[in-house]
Structures are given as structure tokens and as C-alpha cells.
Amino acid sequence: MNEQPIPGKTLRMVDLEAVGVEVEPSALGQPGGPSISYARIGGFPPMILRAPIFLNQPGFAALFPDGPVRRYIPTMYVMQACFLAGPFGMVCTPDGTLVRQSILRPESSILLYALEHMKEAFPGREGVWTWAQHPVVSLNGFGTDNYFHFLTDTISQTFLDEHVPAAAAAKFVLSGFAPEQQARFAFMGQAIARAGIPASRFQPYDGTMMFCQQLLFPKRESGMTPWRYAHLRKMLGVAPHPNPTRRLYIARPGGWRRRIPEEPQICAMLESYGFEAINPGDLSFEAQIEAFRSARIVAGPHGAAMTNAMFMNPGGAMVELTHEKRVMITFHEVAGASRLHYACVVGDMLETPDQPPLFSDFSVNVDVVEAAVKAAIAATS
């Protein structure tokens with residue numbers, strides 16, 4: 209156990225791999241087992257990444273490796289007599305000690321962000337805390353109210369049912385939000401319906417605190433992997449498109465973050481190459497699947513809508529626009545798992561009042577975007 213400072217507080221954390229017992233996946237959570245245990249689930253292939261077909265700032269090339277990589281081994285944990293706290297799946301012991309594996313990273317900004325979301329529902333519909341009569345599997349990780357995190361890091365984790373019998377028999381917590389809060393994010397319910405997950409699998413949970421006699425949860429990891437990709441497409445019934453030809457630009461009309469001043473010029477340039485602008489936020493989940501499933505090339509600014517590239521046929525291309533303070537592996541991994549070509553245009557962050565770099569507006573050179581699009585067209589021809 210160690211202590212992690214956050215402003216004005218000292219937070220106790222425990223590492224379950226230091227105090228628990230490692231078992232086989234088939235034995236995890238079975239009657240008579242240890243009160244704290246975990247299982248590593250092996251046998252998955254590495255991710256095969258391709259170096260970008262276009263990158264206008266070579267200094268970032270090291271962030272985009274070429275060849276096989278393995279980010280992590282899926283790991284599942286079980287605890288007896290503990291609390292599930294907040295919509296993002298924090299797990300703590302009755303004395304308030306936080307389980308390290310139940311948070312994405314032990315950083316004050318992430319912890320405070322999660323606590324702010326917990327305060328929205330506190331003290332819940334029933335009381336300060338509720339309790340679960342049955343074993344529960346918490347798949348709700350960091351940022352489940354975000355389209356990328358819900359698809360890639362949350363609902364994709366149902367693949368664990370095929371490897372951990374105790375998880376398949378337990379009740380789900382997926383979104384981590386009470387029904388009235390979850391309703392704000394239409395994609396959650398639409399994705400659950402498309403996946404055919406019955407209501408009987410869900411454990412009622414209002415996003416505050418719930419005492420669990422037995423709680424299972426995967427280590428909170430973020431990012432697309434080959435097994436998550438395969439499971440998502442299978443459970444959502446996404447078949448290859450017979451003739452994907454569309455070229456899509458993800459526009460953000462009226463958006464309040466990551467605005468690009470040059471977007472009108474970009475759209476005009478892209479139109480000359482046969483691109484059409486769409487706003488996935490205006491589409492149902494079903495319509496987003498079908499739009500991207502029929503696409504050969506997609507381009508757009510860094511943002512959750514790019515997650516939809518996973519619905520494209522292998523051999524297509526993704527062109528991501530971002531800025532020097534937000535160059536990340538996120539959508540390079542989506543492209544790798546989806547077997548797409550990947551291009552990245554790195555622009556310049558603009559000072560944006562009241563916004564951190566994550567959400568800041570940025571500027572990109574239209575000619576550079578055109579060069580990236582030409583590379584994508586050549587790669588997919």
C-alpha cells in the first residue's frame with residue numbers, strides 16, 4: 209500500500225497484485241477461492257502497427273511505431289466485500305483505500321475528474337450507498353460518457369465473458385451512470401441495443417457507491433487492440449461492406465472545442481477530391497456504423513468520432529488532424545487494429561480561453577492537409 213497526494217488530501221492506495229493471489233481465469237471468483245485474486249488472460253495476438261503514410265512533422269515519428277507491439281496483457285481481478293464508487297469504476301475497501309488497478313492512472317487530474325462526476329449523482333437514488341445481492345462485474349472504466357471510451361474501453365470488455373466463467377455469470381455495470389444520466393448519451397443505449405445485451409444482465413447502479421459481496425473488474429486500460437476490435441465488430445454485427453467508396457470529412461459545425469479556423473477552406477479543398485462533410489454527432493449509432501462502413505477514406509480532427517473508423521473495411525485510410533500538444537497514439541492504434549493506413553497532420557495549438565490543450569482550437573495548413581489526402585488516395589488505390 210502507498211499514499212498518493214492530491215490537493216488538500218492524502219489518498220491511500222493498494223496494489224492487488226501485491227496482496228492478492230494469481231489464479232487461472234477459470235478459477236477466478238469461484239466458491240472457496242481467495243478473497244483477493246487476479247488472472248492474466250493470454251493467447252492474444254500483438255497489434256501490428258504501420259508507420260504513417262504521411263506525417264508532416266517527422267519529430268513525432270517515434271510515437272508511431274511500425275510493426276508488432278503489445279501494450280498490455282488483459283488482467284481480471286476479484287475482491288470480496290468492497291465498494292464500487294463513481295461512474296468510472298473506482299474500487300475501494302471499506303476503510304476507504306483505493307485499488308490502484310481500478311483507475312486508469314493515479315494522477316490527481318484524473319482522480320479529481322472522476323470525483324466531480326461522482327458528485328453529480330451523490331448521494332444517489334436510494335441513499336448514501338446501496339448493495340448488490342449478486343456478484344457484479346464492473347466494466348465501466350474512465351470516461352464512459354465519451355464515445356471512444358465507451359466503445360473501445362467499456363462495452364468491448366464483454367469479451368471477458370468468453371474467458372472468465374465467473375464474469376459471464378455476474379451482473380454487468382457498463383455505463384456507470386443512473387438511467388436519467390445515461391439518457392444524455394444516446395449512443396450508450398443504442399450500442400447496448402445493437403449488441404443485444406438483455407436487461408437481465410445489468411446490475412442497477414446509480415454512479416455513487418455500491419457495496420459488493422463479490423466484485424470482478426478488469427485492469428483499467430485504454431486503447432484499441434485486435435481482440436477488442438474483433439469482439440466489437442462481432443457483437444455489433446458489422447459485416448464488411450461490398451464496395452466502400454465514400455470519402456468522409458468529420459466536420460464539427462458549432463463545436464465548442466478543437467475548432468479549426470481553416471475548416472471552410474479544408475472542406476472546399478476536400479470537396480474537389482470527392483469528400484463529403486458529415487457530423488457524426490447528429491447521427492444515430494446505427495447511422496454512424498453504416499456511414500463509416502461504406503467509407504474508403506476518412507479525415508477529421510482528433511476526437512471521439514474518429515473511433516468510427518473501426519467500422520471501415522481493412523485497406524482503407526484515416527487522416528487525423530491534430531496539434532503539437534495533442535499528438536497521441538490513440539487513433540494510430542484504431543487504424544492498426546482495423547488494418548487501415550494512417551496519416552497525421554500536426555498543426556499549431558491556438559490559445560483558447562478556459563480550455564486545456566486537450567480541447568484547444570488549432571490551426572493547420574490546407575496544403576499540408578491536401579498532401580496527406582493525396583497520400584491516402586494513393587495508398588488505397
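When we follow my numbering, the leftmost residue of the sequence shown carries the number 209, and every step to the right adds one.
Using N, Cα and C, we set each Cβ at its ideal position, and we do this for glycine too.
Nothing here was measured: the structure is a model prediction, and the numbers come from that model.
Problem set entry | Unbroken stretches of the beta strand (DSSP E), 3 residues or longer, contained in the stretch 233–304 | Within the stretch 233–304, the complete beta strand (DSSP E) runs of at least 3 residues are 244–248, 255–257, 275–277, 283–293 and 298–300.
Problem set entry | Simplified DSSP state of ALA391, which is helix, strand or coil | Reduced to three states, the DSSP call for ALA391 is coil.
Problem set entry | Cβ-Cβ separation, LEU312 to SER430 (assumed contact under 8 Å), whole Å | That pair is a contact at about 6 Å.
Exercise. Cα separation between GLY524 and ALA545?
Worked result: A straight line joining the alpha-carbon of GLY524 with that of ALA545 spans about 12 Å.
Exercise. GLU528 bridges to which residues according to DSSP?
Worked result: BP columns for GLU528 point to GLY508 and CYS552.
For this session: If I'm right that PRO233 touches VAL344 with Cβ under 8 Å, what's the distance once you round it to whole angstroms?
Result: Going by Cβ atoms, the distance from PRO233 to VAL344 rounds to 18 Å, so no, they are not a contact pair.
Exercise. How about the stretch 287–305 and the stretch 239–255: do they share at least three Cβ pairs that are nearer than 8 Å?
Worked result: Yes: at least three Cβ pairs fall under 8 Å.
Exercise. If you draw a straight line from the alpha carbon of HIS325 to that of ASP353, how long is it in whole angstroms?
Worked result: HIS325 and ASP353: Cα-Cα distance of roughly 10 Å.
Exercise. Using DSSP with H/G/I as helix, E/B as strand and the rest coil, what is LYS379?
Worked result: In the structure shown, LYS379 sits in a strand (DSSP, three-state: E or B).
Exercise. Under the three-state reduction of DSSP, which class applies to PRO314: helix, strand or coil?
Worked result: Three-state DSSP puts PRO314 in coil, outside helix and strand.
For this session: Tell me whether ASN451 is buried or exposed, calling it buried when 16 or more other Cβ atoms sit within 10 Å of its Cβ.
Result: Exposed, by the Cβ-count rule.
Exercise. Which term fits VAL227, buried or exposed, when burial requires 16 or more other beta carbons within 10 angstroms of its beta carbon?
Worked result: Counting Cβ neighbours within 10 Å, VAL227 comes out exposed, since fewer than 16 surround it.
Exercise. In this structure, what does DSSP give as the bridge partners for TYR457?
Worked result: DSSP output for TYR457 lists ALA485 and ALA507 as bridge partner(s).
For this session: Ignore the nearest five residues each way along the sequence and tell me which others in HIS449's own chain have a CB closer than 7 Å to its CB.
Result: Excluding positions up to five away in sequence, the list reads ARG501, SER502 and ASN521.
For this session: Quickly, what does DSSP pair PRO426 with across the bridge? List them, please.
Result: Answer is MET284, bridged to PRO426.
For this session: Answer yes or no: do ALA583 and ALA543 have a C-beta to C-beta separation smaller than 7 Å?
Result: Going by C-beta atoms, ALA583 is not nearer than 7 Å to ALA543.
Problem set entry | Euclidean distance between Cα positions of PRO302 and LEU263 | Roughly 50 Å between the two C-alpha positions.
Exercise. Looking only at C-alpha atoms, which of ARG455, PRO426, LEU224 and ASP569 sits nearest to GLY297?
Worked result: That would be PRO426, whose Cα lies nearest to the Cα of GLY297.
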